[in-house]
Amino acid sequence: MKKARLIYNPTSGREEMKKRLADILQRLDQGGIEASCHATTGEGDATREAELAIERGYDMIIAAGGDGTLYEVINGMAERENRPPLGVFPLGTTNDFARALGIPRQWEDYVDLVINQQLRPLDLGKVNDKYFINIAGGGSLTELTYEVPSRLKTMIGQLAYYMKGIEKMASLSPQELIIRAAGQEEIHDEFMLFLIANTNSVGGFEKLAPGATIDDGLFDVIGVRKCNLADMIRLVTLALRGEHLNDKKVVHFQTDYMEVTSPGYVQLNLDGELGGTLPATFKNLRHHLMLYR
Numbered sequence: 001m002k003k004a005r006l007i008y009n010p011t012s013g014r015e016e017m018k019k020r021l022a023d024i025l026q027r028l029d030q031g032g033i034e035a036s037c038h039a040t041t042g043e044g045d046a047t048r049e050a051e052l053a054i055e056r057g058y059d060m061i062i063a064a065g066g067d068g069t070l071y072e073v074i075n076g077m078a079e080r081e082n083r084p085p086l087g088v089f090p091l092g093t094t095n096d097f098a099r100a101l102g103i104p105r106q107w108e109d110y111v112d113l114v115i116n117q118q119l120r121p122l123d124l125g126k127v128n129d130k131y132f133i134n135i136a137g138g139g140s141l142t143e144l145t146y147e148v149p150s151r152l153k154t155m156i157g158q159l160a161y162y163m164k165g166i167e168k169m170a171s172l173s174p175q176e177l178i179i180r181a182a183g184q185e186e187i188h189d190e191f192m193l194f195l196i197a198n199t200n201s202v203g204g205f206e207k208l209a210p211g212a213t214i215d216d217g218l219f220d221v222i223g224v225r226k227c228n229l230a231d232m233i234r235l236v237t238l239a240l241r242g243e244h245l246n247d248k249k250v251v252h253f254q255t256d257y258m259e260v261t262s263p264g265y266v267q268l269n270l271d272g273e274l275g276g277t278l279p280a281t282f283k284n285l286r287h288h289l290m291l292y293r
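Here UniProt numbering is used: the first residue of the sequence shown is 1, the next is one more, and so on.
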């Protein structure tokens, strides 16, 4: 019988995991998977628990929660040589990663995928000494994902991000960036934000990086040059339709390696979490994990 470690955020998705936990454990057991679980208690706990699960020789690790829980789990797994397959129960506010990969929202359907051992390879992104699985970025607008209070996210879901985004737009200011990427000429310009996408779903926008795939060994890089509020609103409208990449205010290319520096203070956002500051080196680690999908 295979052994699984289920690491879950008890507050994600209106505490959905608490309601379903007994049923999930029973269904896994019936499918030949003996699962034990750990409820996270605070920042960094899921990372430590993922490291411990690998040390203890679990056959698989299942992350249950939002994108933040998944981010912590992959940071606990990424540097280990004997990385077990990863499972993901999407229970958060936006669940960008799960949406991009078409992971079922119904827990019964996803448990069946795990039981049937349906696996696919995943690329990971490495940023300095941290890792991300879906999106990295910087600039004023990216800061809203960790400015939205967790209680507000739990109460009203994705609408919380849009409310905060509207509030931020009026005070956006450009930041000077120097971007050096493999296969590209150096870019030195003022940007409102830059995004490094590993999938096509970012912040609830499913067409922001329409060509991005999780297993091609490449990032899709998108930068928005200095613009006014009217331009930004226009670009958001275009992005909803996937028609923004050819706009003159937008920089877009693919690469597996890039360096970004700035003379100013620029915070980084990794999968919706605070990820340090520039300067930073971004590397694509092709097929670094296996996912139940």
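Ideal placement from N, C-alpha and C gives every residue a C-beta, glycine not left out.
**Asked** So, using beta-carbon positions, are L270 and K126 closer together than 7 angstroms?
**Response** no
**Request:** Just list the alpha helix (DSSP H) runs in the region 31–82, keeping only unbroken ones of 4 residues or longer that don't cross its boundaries, in chain order.
**Result:** 45–55 and 67–77
**Prompt:** Nearest-angstrom Cα distance between E273 and N95?
**Reply:** Distance from the CA of E273 to the CA of N95, rounded to the nearest whole angstrom, comes to 13 angstroms.
**Element boundaries [beta strand (DSSP E), containing V250]** = Following the DSSP letters along the chain, one finds V250 inside the beta strand (DSSP E) bounded by residues V250 to T255.
**Request:** Would you mind working out which of L119, K3, T47 and I54 sits nearest H287, comparing C-alpha positions?
**Result:** Shortest Cα-Cα distance from H287 to any of L119, K3, T47 and I54 involves L119.
**Message:** Starting from T237, trace the alpha helix (DSSP H) in both directions and tell me its first and last residue.
**Reply:** L229 to R241
**Item:** Top-ranked residue by Cα proximity to F205, from D23, N134, L6 and E16
**Value:** N134
**Asked** What do you get for G211, buried or exposed, if any count of 16 or more other CB atoms within 10 angstroms of its CB means buried?
**Response** exposed
**Request:** Below 7 angstroms CB to CB, which residues in the same chain sit around Y162 once its five sequence neighbours on both sides are set aside?
**Result:** Residue placement at Y162 is poorly supported in this model, since its pLDDT is 45, which falls under 50; the coordinates are not used for a value here.
**Asked** What is the DSSP secondary structure of E15, counted as helix, strand or coil?
**Response** coil
**Request:** State the beta-bridge partners of I133 as determined by DSSP.
**Result:** DSSP, once it has assigned bridges, lists no residue as partnering I133.
**Request:** Pick out whichever of F97, C227 and E243 has its Cα sitting closest to the Cα of S173.
**Result:** C227
**Prompt:** Residues in its own chain within less than 6 angstroms of H38 by CB, not counting five upstream and five downstream?
**Reply:** I7 and E49
**Request:** Could you tell me whether the Cβ atoms of A53 and N200 are closer together than 7 angstroms?
**Result:** Contact flag unset, no.
**Item:** C-beta atoms of V73 and Q175 nearer than 7 angstroms
**Value:** no
**Message:** If you reduce the DSSP assignment to three classes, tell me which class residue 294 lands in.
**Reply:** Since the first residue shown for the chain is 1 and the last is 293, residue 294 is missing from the structure and cannot be characterised.
**Prompt:** What do you get for A136, buried or exposed, if any count of 16 or more other CB atoms within 10 angstroms of its CB means buried?
**Reply:** Residue environment analysis places A136 among the buried positions, since at least 16 neighbouring C-beta atoms fall within 10 angstroms of its C-beta.
**Asked** Would a C-beta distance cut-off of 7 angstroms place A182 and L124 closer than the cut-off?
**Response** no
**From D215, M17 and E81, residue whose alpha carbon lies closest to that of A197** = D215
**Asked** Among residues of its own chain, excluding the 5 on either side of S12, which ones have a beta-carbon nearer than 7 angstroms to its beta-carbon?
**Response** G65, G66, T69, L91 and G92
**Request:** Give the DSSP bridge partners of residue 294, in chain order.
**Result:** For the chain, the structure presents residues 1 to 293; residue 294 sits outside this window and is missing.
**Message:** Relative to the C-alpha of G138, which candidate in L25, K3 and V260 has its C-alpha closest?
**Reply:** V260
**Top-ranked residue by Cα proximity to N9, from I33, G42, V236 and K2** = Closest in alpha carbon position to N9, among I33, G42, V236 and K2, is G42.
**Message:** Let me check understanding here. Comparing Cα to Cα, which of R225, R20, S262 and P263 lies closest to D246?
**Reply:** The identity of residue 246 in the sequence shown is Asn, whereas the question assumes Asp. Closest by alpha carbon: R225.
**Message:** Does R225 come out as helix, strand or coil in the three-state DSSP assignment?
**Reply:** strand
**Item:** M1, buried or exposed, once every other Cβ within 10 Å from all chains shown has been counted against 16
**Value:** exposed
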